[in-house]
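Colleague: Handing you a structure now.
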Amino acid sequence: MTDEPSQTLEAALADFTIDLPAEQVELLDRYRTVLWRWNEQLNLTRHTTLEKFVGRDLVDSLQLAEQLGHGERVLDIGTGGGVPGLVLAICRPDLRVSVCDSTQKKARVVQAIVEELQLPVRVYSCRAEEVLQLQTFGTLVARGVAALSKILYWLKPHWEAFDRLLLVKGQRWVEERGEARHRGLLNEIELRRIASYETRGNDSASVILSLTRATGEDSDEDS
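Going by this note's numbering, the sequence shown opens with residue 1, and the numbers climb by one from there.
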């Protein structure tokens, strides 16, 4: 696929065989336009073509959306430019979405995007650990924030504030799991690979990992 300047989001979605309601397509198009505009001032995303916006940002977010229950309270940790949190809010309006980023400039931009698009999303300008001292959530989601061991270390004291963690990971996820095991960070955590899917231009599959507190002897499993 050649990403020509005249191409539309509708055409890019069709190329990836993604079918969304017209109102969601319109809002997604507005979102990526505003995001790319802000990206000229602040490094928010490397996905500045329609092919990458759809093939990476939308595909990853829609894969996450399939794993979320109706009306779930969701926190996107380290949202950056709003992926996956704002995309989830657009494509799954039933969700109660919050996003956070510890970089204040990024959080302010995401707040500006939320206000411009009138999305029902709460934006926190702080680390996820601080948010979890104030609020509880059903699911935490993250993409490209840090290695698995770092995320588990950060969140270790806060499992009472959420039920599960969903992570979008690439081919290094097995290596990251090994490191987390070695550091003892998976001793009381049940890890499962709940989705595996191809992304255009990548040789290896992307995965979604689900992490919850272990309730029995069986933990740290890959299904």
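Glycine residues also receive a C-beta, built at the ideal position from the N, C-alpha and C atoms.
It should be emphasised that the depicted structure is a prediction, and the values quoted were computed from it without experimental measurement.
#1: By DSSP, does residue 179 sit in helix, in strand, or in coil?
#2: At what residues does the beta strand (DSSP E) containing residue 97 begin and finish?
#3: In three-state DSSP terms, what is residue 61?
#4: In whole angstroms, what is the alpha-carbon distance linking residue 144 and residue 138?
#5: How about residue 76 and residue 141: do their beta carbons lie closer than 7 Å?
#6: Here's the rule: buried if 16 or more other CB atoms are within 10 angstroms of the residue's CB, otherwise exposed. What is residue 169?
#7: Pull the bridge partners of residue 206 from the DSSP assignment, please.
#8: Do residue 29 and residue 9 have their CB atoms nearer than 7 Å?
#9: Looking at the unbroken alpha helix (DSSP H) that takes in residue 29, where does it start and where does it end?
#10: Please state whether the Cβ-Cβ distance between residue 38 and residue 48 is less than 7 Å.
Modeller: The relevant details are as follows:
#1: Indexing the sequence shown from 1 puts residue 179 at position 179. In this structure, residue 179 counts as helix in the three-state DSSP scheme.
#2: Taking the first residue of the sequence shown as 1, we reach residue 97 at position 97. Residue 97 -> beta strand (DSSP E) spans 96–100.
#3: The sequence position of residue 61 within the sequence shown is 61, counting from 1. In this structure, residue 61 counts as helix in the three-state DSSP scheme.
#4: Here residue 144 corresponds to residue number 144 of the sequence shown, with the count starting at 1. Here residue 138 corresponds to residue number 138 of the sequence shown, with the count starting at 1. C-alpha separation (whole angstroms): 20 Å.
#5: Your numbering for residue 76 matches position 76 in the sequence shown. Your numbering for residue 141 matches position 141 in the sequence shown. In this structure, residue 141 lies closer than 7 Å to residue 76 by Cβ.
#6: Position 169 of the sequence shown, counted from the start, is the residue given in the question as residue 169. Under this definition residue 169 is a buried residue.
#7: For this step, residue 206 is matched to residue 206 along the sequence shown. Residue 206 pairs with 197.
#8: Locating residue 29 in the sequence shown gives position 29, counting from the first residue. Locating residue 9 in the sequence shown gives position 9, counting from the first residue. In this structure, residue 9 lies closer than 7 Å to residue 29 by Cβ.
#9: As a position in the sequence shown, residue 29 is number 29, starting the count at 1. Residue 29 -> alpha helix (DSSP H) spans 22–39.
#10: For this step, residue 38 is matched to residue 38 along the sequence shown. For this step, residue 48 is matched to residue 48 along the sequence shown. Not in contact: residue 38 and residue 48 (Cβ atoms no closer than 7 Å).
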